[in-house]
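> Residue numbers (this note's numbering): 2 to 159.
Cβ atoms here follow ideal geometry from the backbone N, Cα and C, with glycine treated the same way.
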Amino acid sequence: MNSTIKLKELLSSLLLRMRELDITRRQLLMGLTLTFLLVVFGFVVLNSGPLASTKVTTIKVSDQSLAPTLFGVGTIEARRSYLMGPVVAGRVLNVYVDVGNSVKEGQLLAEMDSIDLSQKMVAAQAQVTDARARLLLASETHKRYEELGKKNFISPIA
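(1) Taking only runs that begin and end inside the region 26-70, name each unbroken beta strand (DSSP E) of 3 or more residues, in chain order.
(2) N102 lies in the beta strand (DSSP E); which residues open and close that run?
(3) With V93 as the anchor, note down where its beta strand (DSSP E) starts and where it stops.
(4) Inspect the CB distances between the region 97-107 and the region 116-134 and report whether three or more fall short of 8 Å.
(5) Just the C-alpha distance for T58 and F42, rounded to the nearest angstrom, thanks.
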């Protein structure tokens, strides 16, 4: 009870003092808000940023021997490199090695789809058959011209 009476007296004296200084409630509220914001800003600046305390980790000193180390900057290149590619165009089904992996002679690197390859084989065989037929026709025509040339039925230039 006693503290409530003291608080009421304090508030009434504060209001009297405000009236004497001609301070309105709005000005008082703005002053208190500004003070609060300054306190919060100071707290934030002291707990973060360049003024904040830094955590330091320490260890006990011990006697040890130093291991020599070597540090350098450079580029690593392979002694030999080869460009590889497929003989025929096609779709890659599986890749069995990654870039930079070591490979051995005869090791399978990738597998290609053979669907297009079988179609190309059929087309190539058809071309071979066509070329053989044209060769046979050309040789028969040559024999016929030789016989006709011997009988002087055609000019020797033909």
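To lay it out plainly:
(1) Within the region 26-70, no complete beta strand (DSSP E) run reaches 3 residues.
(2) It is not in any beta strand (DSSP E) - N102 carries neither H nor E in the DSSP assignment.
(3) V93 to V96
(4) no
(5) 29 Å
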